[in-house]
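Chains as they are written, first to last, in this note's numbering: chain A, 5 to 330; chain B, 166 to 502.
Glycine included, each C-beta is placed from N, C-alpha and C at the ideal position.
Shown next, in structure tokens, is the structure this report addresses.
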């Protein structure tokens, strides 16, 4: 029996595999070298690849992401770490104005093959400035590919695609999943960007989830199954490219759809998914599309309060029931 | 002045080289005049930030760089594009929203780029490109190519965070990068001295990052060439970044039709008397070149740019379909299935 791999170790494993196959892959970020990352997601990289390829930076988010962009424009494939996704705000100019626009505004003269990795989301009690799920921030910016895996094998396979991508990728690693375990990725494992996975087939409703909300959706599906309801769970895996073909096909089979998002309801990714279903799949629906998303407040500190704000299996089950009773 | 590197002898360039620099500066000057007139005629939309007056910084620096070195410029960047080899016609076509523009009319005046000539972009978020230049220098260092990267920026950029983050990172990583400030005394409409705690906004900050700095006459193309050559040599030999602060002055306002009434008349008069073209012409005359010959070169530049204007005017509009290309490396903009 193969040993299970943690999501945390899968991050380092995914990066290491690409560094072994391509000498132009280099890493930079705060405390990622000898310290192996504040979440230990770069464990072993400094030991294996040395200071020529794993660079500790000052606490300078603009310099980290700006330098990654300059390196990507000139022949390297940098993998930059922004320790907490909340800190993307400190270098938002690069994420929103520079990296996604430079290819377009130069008429295609340059490419920007870089990955910005960042620890996203709640569940660890870090409070409002270290816990927010901000994948929807990136979704507002044309020109970024957005990855948010839910399993260790997907972390490895999507990291391979992200690093090999000639386009910039924001890679959201979920803090609440770091300790979770799953099947290890087989050698050479690559998961193409923009391909959702049906992680649980079902016939009565479609639940669309991402990253940390995938296990929540699966737990809810278990509870619904006990009540005789067959829920299909889709793990989007990427927000851009967004695999609406898989979602629309599923809704065609189930005629009911529910999104489960950790980002706030206002401006959350489910709004985009649901708007496409409304435009292109209205006839498929037997009930209004529904969204379970975080409440529109900053994330509170106490567990008992945080539970009130972010999606839980109980909230998903409740929402599913209202859909089925419609 | 902060401790600088050793000066390598008396500046001297051959008459042939000075001639080439004078002629290129003349082409830039005429291109900027043309851009201004085309804007007034309604043929250039949006905005322009003209670099007339700044020519010596771009041409002097470019003459000291290798063809494969990297240059990052600002929204006031026409002079850097031309100094690195972009033609006046493709630059003016870009300003005039034509298909033959250097960016296919997707960039405009503020984003002139010729990546194939190492001119890796003109950036319109103040200071944003300094970390990028550090990153390009990091890349050159890791690939062992001996290339240097240069960030040109205005005095106003020295008060934004990216400037400070870039200088520190470049210093601690000892990167082959040059930070060249074109200090034209005004951040936009406000004197830089009113909003900066030290007299020399770039050079005075260098010491805080352990970096050498030099203040130079940015209107003397020879002074610029030698300072940049020395800093580039330092960078290539592994000694890290240098901050150069070049004193210069813009001949037009900040942007568009700004008449720059906020500048004292006497100040303007003094700086126009030190026009970089006059300074270079004086050097040529001192080397024995007759004034009529020098004027002939300027007239040739005028003719070249007037032909470039005609070419740009005659060029076609971009194919509307190109609005939806070039987001991704495969040329498409598809974001979903």
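Closest by CA to residue 90 of chain A, which one among A/77, A/126, A/108?
The residue from A/77, A/126, A/108 with its alpha-carbon nearest to that of residue 90 of chain A is A/126.
Where does residue 144 of chain A land, buried or exposed, given buried means 16+ other C-beta within 10 angstroms?
Residue 144 of chain A is exposed by the Cβ-count criterion.
Can you look up residue 361 of chain B in the DSSP assignment and give me helix, strand or coil?
Residue 361 of chain B falls in the coil class under three-state DSSP.
Closest by C-alpha distance to residue 133 of chain A, when choosing among A/167, A/103, A/87:
Of A/167, A/103, A/87, the residue nearest in Cα terms is A/87.
List, in chain order, every chain A residue whose beta-carbon is nearer than 9 Å to that of residue 308 of chain B.
What residue 308 of chain B touches in chain A: 28, 78, 79, 80.
Just the Cα atoms here: how many angstroms apart are residue 30 of chain A and residue 300 of chain B?
Between residue 30 of chain A and residue 300 of chain B, the C-alpha separation is close to 12 Å.
Terminal residues of the continuous beta strand (DSSP E) containing residue 300 of chain B?
Per DSSP, residue 300 of chain B belongs to no beta strand (DSSP E); it is in the alpha helix (DSSP H), 294-308.
Rounding to the nearest angstrom, what Cα-Cα distance links residue 445 of chain B and residue 267 of chain B in this structure?
So the alpha carbons of these two residues sit roughly 29 Å apart.
Quick one: give me the first and last residue of the alpha helix (DSSP H) that residue 470 of chain B is part of.
456-479 is the extent of the alpha helix (DSSP H) around residue 470 of chain B.
Given 8 Å, three or more beta-carbon pairs between the stretch 340-357 of chain B and the stretch 109-122 of chain A:
No: fewer than three Cβ pairs fall under 8 Å.
Kindly say whether residue 315 of chain B, judged by its beta-carbon, lies nearer than 8 Å to any beta-carbon of chain A.
It does not; no Cβ of chain A falls within 8 Å.
Measuring only the C-alpha atoms, how far is residue 424 of chain B from residue 199 of chain B?
Looking at the two C-alpha atoms, the distance is approximately 17 Å.
Quick one: list the residues of chain B neighbouring residue 352 of chain A, beta-carbon separation under 8 Å, in chain order.
Residue numbering for chain A in the displayed model covers 5 to 330; residue 352 of chain A lies beyond these limits and cannot be assessed.
Have a look at the DSSP bridge pairing and note the partners of residue 239 of chain B.
Its beta-bridge partners are B/288.
Report yes if the C-beta distance between residue 151 of chain A and residue 241 of chain A is below 8 Å; otherwise report no.
With contacts defined as CB atoms closer than 8 Å, residue 151 of chain A and residue 241 of chain A qualify as a contacting pair.
Is residue 42 of chain A near the ligand ZN, going by C-beta to nearest heavy atom under 7 Å?
Inclusion of the ligand ZN in the displayed structure is not the case, the ligand content being empty and no account of it being possible.
Between the Cα of residue 252 of chain B and those of B/220, B/189, B/436, spot the shortest distance and give me the residue it belongs to.
When only C-alpha atoms are compared, the closest one is B/189.
DSSP three-state call for residue 186 of chain A: helix, strand or coil?
In the structure shown, residue 186 of chain A sits in a strand (DSSP, three-state: E or B).
Amino acids of chain B, ordered along the chain, whose beta-carbon sits closer than 9 Å to that of residue 107 of chain A:
Going along chain B in sequence order, the residues near residue 107 of chain A (Cβ under 9 Å) are 491, 492, 493, 494.
Residue burial classification, residue 216 of chain A (beta-carbon count within 10 angstroms, cutoff 16)
By the 10 Å Cβ count, residue 216 of chain A comes out buried.
For residue 461 of chain B, tell me which candidate among B/179, B/284, B/192 has the shortest Cα-Cα distance.
Of the candidates B/179, B/284, B/192, the one whose C-alpha sits nearest the C-alpha of residue 461 of chain B is B/192.
Show which residues of chain A have a CB atom less than 7 Å away from the CB atom of residue 271 of chain B.
By Cβ distance, chain A contributes 108, 109, 111.
By the three-class DSSP mapping on this structure, what secondary structure does residue 96 of chain A have?
Looking at residue 96 of chain A - three-state DSSP - the assignment turns out to be helix.
DSSP three-state call for residue 18 of chain A: helix, strand or coil?
Note: residue 18 of chain A maps to helix in three-state DSSP.
Contact check, residue 165 of chain A vs residue 194 of chain A, beta carbons under 8 Å:
Yes, the Cβ-Cβ distance between residue 165 of chain A and residue 194 of chain A is below 8 Å.
Using the rule of at least 16 other Cβ atoms within 10 Å of the residue's Cβ for burial, across every protein chain shown, is residue 485 of chain B buried or exposed?
Residue environment: residue 485 of chain B is assigned as exposed (fewer than 16 neighbouring CB atoms within 10 Å of its CB, all protein chains considered).
What residues from the stretch 330-350 of chain B come within 8 Å of chain A, judged by C-beta to C-beta, listed N to C?
Going along the stretch 330-350 of chain B in chain order, one finds 330, 331, 333, 334, 337, 338 with a Cβ nearer than 8 Å to chain A.
Does the Cβ-Cβ distance between residue 45 of chain A and residue 15 of chain A come in under 8 Å?
In this structure, residue 15 of chain A lies closer than 8 Å to residue 45 of chain A by Cβ.
Residues in its own chain within less than 6 Å of residue 204 of chain B by CB, not counting five upstream and five downstream?
So the qualifying residues of the chain are 213.
Taking the straight line between their C-alpha atoms, what separation do you get for residue 58 of chain A and residue 122 of chain A?
Cα to Cα, residue 58 of chain A sits roughly 16 Å from residue 122 of chain A.
Mark residue 227 of chain B as exposed unless 16 or more other C-beta atoms lie within 10 angstroms of its C-beta, in which case mark it buried.
In the assembly as shown, residue 227 of chain B is a buried residue. Its beta-carbon has 16 or more other beta-carbons within 10 Å.
Please report whether the beta-carbon of residue 101 of chain A lies at a distance below 8 Å from any beta-carbon of chain B.
At least one chain B Cβ lies under 8 Å of residue 101 of chain A.
At what residues does the beta strand (DSSP E) containing residue 87 of chain A begin and finish?
First-last of the beta strand (DSSP E) with residue 87 of chain A: 81-88.
Provide the residue(s) that pair with residue 314 of chain B in DSSP beta bridges, ordered along the chain.
In DSSP, residue 314 of chain B forms a bridge with B/235, B/342.
Three-way DSSP call (helix, strand, coil) for residue 176 of chain A in this model
Residue state, collapsed to three classes: strand.
What whole-angstrom Cβ distance do residue 272 of chain B and residue 255 of chain B have, given they're in contact under 8 Å?
Residue 255 of chain B and residue 272 of chain B do not touch by the CB rule: their CB atoms are close to 11 Å apart, not below 8 Å.
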